[in-house]
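Chains as they are written, first to last, in the working numbering: chain A, 1 to 114; chain B, 115 to 217; chain C, 218 to 348.
Each residue gets a CB set at the ideal place from its N, CA and C atoms; glycine is no exception.
Accompanying notes for the structure given below.
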Amino acid sequence: MLDSVTITALSSALDALSQRQRAIADNIANINTPRYHAKRVQFEDALARSVAAGDGTAAATIGESLEPTRIDGNNVNLDTETLSSIDTMLRYQFASQAVDGSFSAVRTALRTTS
Amino acid sequence: MSSVAALEAVASALPTPAASTPAPTVSGSGDDAFAASLAGAVDDLRGLQSTADRLNVAAVTGDLDDIHAAMIASSRAAVTLELVTAVRNKGVDAFTEIMRMQA
Amino acid sequence: MTFDAIGIAGTGLTVHRKWLDAVSDNIANINTAVSTDDNAFRARYVLVQAGQSSPGVYVAGTELGNAEGRLVQEPDNPLADENGYVRYPDIDLGDQMAQLILAQRGYEANAAVVDRARNSYESALQIGRNR
């Protein structure tokens with residue numbers, strides 16, 4: 001009941017989104033650092049495969065952006081990072097609420113039967 | 115009353131599960147599956163509560179990377195405790211009712 | 218580290234603020250004249266590097282501009298030497314303004330990260346609140 005694929009997948013998503021948020025913070029902090037390459041966190045495909053297999057656990061993988069660099073060797077794109085930052089924040093909020101909803105549902109079921 | 119003491123109070127009011135109780139996945143049908151699921155919940159309770167306590171401490175000492183892990187663990191432990199408590203209360207109510215009928 | 222992203226953005230804020238300080242110092246001194254016997258005011262540039270063992274950005278050092286500056290003919294200036302020359306800093310205002318814009322943009326971007334990270338953590342703290 002509390003170990004369903006759904007809650008496990010939402011939990012994995014929260015872990016990965018949190019890592020993505022840290023990577024974005026690192027990219028924006030280093031937006032003017034020479035030779036710095038933007039970090040990218042991927043997990044959506046791995047999570048989809050894991051859910052299809054009936055599991056729900058998936059680890060995030062951290063890679064480097066292959067976008068072209070500027071003269072100082074830095075390839076952080078502020079617009080890309082800004083949009084990704086907002087996107088990640090909203091997804092994290094959604095996953096948090098979804099997990100909370102799962103627990104609330106169980107609590108409601110417990111209360112109405114007593 | 116501390117959380118561990120609350121656990122003990124609830125757990126002691128329930129019959130101890132048989133040694134061969136399987137893991138709490140609902141695979142059988144009817145009564146057996148529910149009993150297995152409930153017995154699993156009682157076993158899990160101490161583990162869930164100690165995990166929640168451990169993560170809460172890690173969060174305040176700065177050793178926890180993801181705050182949501184602590185929130186989820188606390189919710190898991192709390193909901194499992196509510197489930198076990200609700201079933202115990204039902205069991206006690208039913209027992210009391212039966213005793214009244216026999217009197 | 219709990220609430221990590223905020224700390225990482227914090228390093229970005231610190232570094233960009235130091236850059237803003239250096240640039241505003243350079244611009245304030247763009248017309249600081251000295252006699253030809255002394256070094257000209259040297260422009261300051263902050264060197265940064267990504268964190269090695271932990272994420273974020275850190276100041277690696279400071280680079281100073283050239284000390285020779287520009288020699289300008291100003292015979293009426295009290296600091297002028299026997300040939301009428303005064304030494305001005307070798308600072309290009311256009312270049313400094315471009316740096317100012319980059320530093321300010323970087324600072325604001327990091328401030329936005331702090332805000333969004335705080336938003337995310339607050340929503341996580343809501344899990345399980347409504348019992």
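With 16 as the cutoff for other CB atoms within 10 Å, does residue i come out buried or exposed?
{"i": "A:M89", "result": "buried"}
{"i": "A:S4", "result": "exposed"}
{"i": "C:P306", "result": "buried"}
{"i": "B:A185", "result": "Sequence inspection shows Met at residue 185 of chain B; the Ala mentioned does not correspond to that position. B:M185 comes out buried."}
{"i": "C:N283", "result": "exposed"}
{"i": "B:L169", "result": "buried"}
{"i": "C:S270", "result": "exposed"}
{"i": "B:T130", "result": "In this prediction, B:T130 scores a pLDDT of 44, lower than 50, which makes its location untrustworthy; the coordinate-derived value is nonetheless stated afterwards. That one is exposed."}
{"i": "A:D87", "result": "exposed"}
{"i": "C:N256", "result": "exposed"}
{"i": "C:N300", "result": "exposed"}
{"i": "A:V76", "result": "buried"}
{"i": "B:L195", "result": "buried"}
{"i": "A:L83", "result": "exposed"}
I want to see whether chain C comes within less than 8 Å of residue i, judged by CB atoms only; does it?
{"i": "B:A147", "result": "no"}
{"i": "B:D167", "result": "no"}
{"i": "A:N30", "result": "yes"}
{"i": "A:T78", "result": "In the sequence on display, residue 78 of chain A carries Leu and not Thr. It does: the Cβ of A:L78 has a partner Cβ on chain C nearer than 8 Å."}
{"i": "B:S188", "result": "yes"}
{"i": "A:R49", "result": "no"}
{"i": "A:T82", "result": "yes"}
I'd like to know whether the C-beta of residue i is nearer than 8 Å to at least one C-beta of chain B.
{"i": "C:I344", "result": "yes"}
{"i": "C:F258", "result": "no"}
{"i": "C:D254", "result": "no"}
{"i": "A:D87", "result": "no"}
Does the beta carbon of residue i sit closer than 8 Å to a beta carbon anywhere in chain A?
{"i": "C:S241", "result": "no"}
{"i": "C:D171", "result": "Chain C is shown from 218 up to 348; residue 171 of chain C falls before or after that span and cannot be answered."}
{"i": "B:T135", "result": "Low per-residue confidence applies at B:T135: pLDDT is 40, beneath 50, and the placement is therefore not dependable, though the value from the model is reported in the following sentence. Taking Cβ atoms only, chain A never reaches closer than 8 Å to B:T135, which makes this a no."}
{"i": "B:A153", "result": "no"}
{"i": "B:A150", "result": "no"}
{"i": "B:A200", "result": "yes"}
{"i": "B:V193", "result": "yes"}
{"i": "C:G311", "result": "no"}
{"i": "B:S141", "result": "Caution is warranted here: a pLDDT of 45 is assigned to B:S141, below 50, making its placement in the model unreliable, and no coordinate value can be reported."}
Mind reading off the beta-carbon distance from residue i to residue j? Whole number of angstroms is fine, and I expect it under 8 Å.
{"i": "C:R186", "j": "A:S85", "result": "The shown model of chain C, from 218 to 348, leaves out residue 186 of chain C, and the question about it has no answer."}
{"i": "C:N243", "j": "C:A260", "result": "5 Å"}
{"i": "C:Q321", "j": "C:L237", "result": "7 Å"}
{"i": "A:G56", "j": "A:R40", "result": "Not really, about 23 Å apart at Cβ, beyond 8 Å."}
Proximal residues, the stretch 90 to 108 of chain A versus chain B, C-beta separation under 7 Å: S96, V99, F103, V106 and R107
message: Along the stretch 318 to 346 of chain C, where does the CB come closer than 7 Å to a CB of chain B? Name the residues.
response: Y338, A341, L342, I344 and G345
task: Quick one: which residues of the stretch 167 to 183 of chain B get their C-beta closer than 7 Å to a C-beta of chain C? List them in chain order.
output: A173, G176, L178, D179, I181 and H182
query: Taking a cut of 7 Å between CB atoms, which residues from the stretch 264 to 281 of chain C lie near chain A?
result: V265, Q266, A267, P272, G273 and V274
query: Residue ranges of each beta strand (DSSP E) run of no fewer than 3 residues wholly in the stretch 223 to 251 of chain C, ordered along the chain?
result: none
field: Residues in the stretch 21 to 46 of chain A having any Cβ partner in chain C nearer than 9 Å
entry: Q21, R22, A23, I24, A25, D26, I28, A29, N30, I31, N32, T33, P34, R35, Y36 and K39
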